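Enquirer: Residues 17 to 292, numbered by this note's numbering, are exactly what the sequence shown covers, in order.
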Amino acid sequence: MSVQERQGQQTRGRLTGKVAFITGAGCVGSGWGNGRAAAVLFAREGAAVFALDLKAETMVETVARVEDEGGTIATHLCDATDSTQIEAAVQACRERFGTIDILVNNIGGSAPGGAVALSEERWRAQLDFNLTSVFLTCKHVIPLMEAAGGGAIVNTASTSGLRWTGSAQVAYASTKAAIIQFSRVTAVEYAPKRIRVNTVVPGQMHTPMVETRLAKQRTGGDIETLLAARQARIPLGFMGDGRDTAYAALFLASDEARFITGTEIIVDGGMTARCD
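Structure representation (structure tokens):
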């Protein structure tokens, strides 16, 4: 694709002229995590992407994919559980791109353990990582959206916040359920300000995190056994990946969803609809 064709594609994009602030835009390996897929897709659709992650190396492939398509992306290292760092990241985005029209929260991770087995320390860490990070980005981004006359926020939860998904991970499930309700409450509060807040709820996705982290937690590093168990829960018979999550987020962030707020899109191949 020529540079002219790429520029033309961006001109016709669904997010042309928008600035997207995306957390967790890196990935623990090569492939399509939720954050990387969102960053690449949003840039493809014309947005200027301000990409956040904790480590620079996780965003190298994200940046390369965006730049290969002629998109616009800037990166910023940030601990999203630290209010001061989030505030600084928002200011850096303002200095680079002028405003923030779209906020996409993709930070999250699971820790095994139920109500007895899970340590108090890991419980609190999960609350901070999965939930407080969403609270802090909204806390610092929403005032910009208010001043600009509106915006769109898309938070990433998980089907673990809706149902049992195969293992005891009580902190992860609790925080992901909380994100859904956080989004609903925030959506109603800020609807008069034309700020929409919705949630994408991905299911058993095949992302790099599954192979690099979950396989060690669940099956002693046996990736194939883990993938087979996850796929068996899905009525469609195959696992999605970060791109499926990103397409749902794109719709919710776009003007096509202008009358949609305070709700969720479940992206799970039918798993939640199945009763067993």
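Cβ coordinates follow ideal geometry from the N, Cα and C atoms, glycine included. Every value quoted in this text rests on a predicted model; they were computed, and no experiment measured them.
Tell me where the alpha helix (DSSP H) around GLY49 begins and ends.
Expert: That residue, GLY49, is in no alpha helix (DSSP H); it is neither H nor E in DSSP.
Enquirer: Among the candidates THR78, PHE275, GLY33 and GLN247, whose CA atom is the shortest distance from the CA of GLY219?
Expert: Minimum Cα distance to GLY219 is reached at GLN247.
Enquirer: Quick check for students: name the residue ranges of the alpha helix (DSSP H) that lie wholly in the region 254 to 286, counting only runs of 4 or more.
Expert: Correct list: 258 to 269.
Enquirer: Taking the beta strand (DSSP E) that PRO159 falls in, what are its first and last residues?
Expert: Taken as a continuous stretch (DSSP letters only), PRO159 belongs to no beta strand (DSSP E), being part of the alpha helix (DSSP H) at 149 to 164.
Enquirer: So for GLN220, helix, strand or coil by DSSP?
Expert: Residue state, collapsed to three classes: coil.
Enquirer: Answer yes or no: do VAL120 and ALA265 have a C-beta to C-beta separation smaller than 8 Å?
Expert: Yes, the Cβ-Cβ distance between VAL120 and ALA265 is below 8 Å.
Enquirer: To the nearest angstrom, report how far apart ASN146 and GLY86 are at their CA atoms.
Expert: Cα to Cα, ASN146 sits roughly 32 Å from GLY86.
Enquirer: Among SER99, ALA108, LEU134 and GLY45, whose alpha-carbon lies nearest the alpha-carbon of VAL65?
Expert: If we check each option's Cα against that of VAL65, ALA108 comes out closest.
Enquirer: Among the candidates LEU70, LEU268 and PHE267, whose CA atom is the shortest distance from the CA of GLY124?
Expert: Here the closest residue by C-alpha is LEU70.
Enquirer: By Cβ distance below 6 Å, which residues in the same chain neighbour ALA131 in space, the five residues on each side in sequence not counted?
Expert: So the qualifying residues of the chain are VAL186.
Enquirer: So ALA90 is in the alpha helix (DSSP H); what residue range does that whole segment cover?
Expert: ALA90 -> not in any alpha helix (DSSP H); beta strand (DSSP E) instead, spanning 88 to 93.
Enquirer: For ARG179, which option in HIS92, CYS291, GLY40 and ALA59 has the closest C-alpha, if you only look at C-alpha atoms?
Expert: Among HIS92, CYS291, GLY40 and ALA59, the Cα nearest to that of ARG179 is on CYS291.
Enquirer: Quick one: residues in its chain with C-beta nearer than 6 Å to the C-beta of LEU57, no 5 flanking neighbours on either side, listed in chain order?
Expert: Only ALA262 and LEU266 meet the Cβ criterion.
Enquirer: Identify which residue in GLY253, GLU280, PHE37 and LEU93 has its Cα closest to the Cα of THR215.
Expert: With distances taken between Cα atoms, THR215 lies closest to GLU280.
Enquirer: MET142: buried (16+ other C-beta within 10 angstroms of its C-beta) or exposed?
Expert: Looking at the sequence shown, residue 142 is not Met but Gln. Its Cβ being crowded by 16 or more others within 10 Å, GLN142 is buried.
Enquirer: Starting from LEU243, trace the alpha helix (DSSP H) in both directions and tell me its first and last residue.
Expert: 239 to 247 is the extent of the alpha helix (DSSP H) around LEU243.
Enquirer: Report the rounded CA-to-CA distance for ILE158 versus ASP84, giving the unit in angstroms.
Expert: In a straight line, the C-alpha of ILE158 is about 31 Å away from that of ASP84.
Enquirer: Within the region 56 to 140, note down every full beta strand (DSSP E) run reaching 3 residues or more, in order along the chain.
Expert: As far as the region 56 to 140 is concerned, its whole beta strand (DSSP E) runs of at least 3 residues are 64 to 69, 88 to 93 and 118 to 121.
Enquirer: Give me the Cα-Cα distance between THR88 and ASP238, rounded to the nearest whole angstrom.
Expert: Their backbone Cα atoms lie some 38 Å apart in a straight line.
Enquirer: In chain order, what residues of the same chain lie with their CB nearer than 7 Å to the CB of THR153, ignoring the 5 residues before and after it?
Expert: Taken in chain order, the residues that qualify are THR39, ALA96, ILE102, LEU119 and ASN121.
Enquirer: Quick check: the Cα distance between THR81 and ASN50, rounded to an integer number of angstroms?
Expert: Inspection of the sequence shows that residue 81 is occupied by Arg rather than by Thr. Near 14 Å, if we compare the C-alpha coordinates of ASN50 and ARG81.
Enquirer: May I ask you to report which of helix, strand or coil DSSP gives ARG179?
Expert: In this structure, ARG179 counts as coil in the three-state DSSP scheme.
Enquirer: Are the Cβ atoms of GLY286 and LEU242 separated by less than 8 Å?
Expert: Going by C-beta atoms, GLY286 is not nearer than 8 Å to LEU242.
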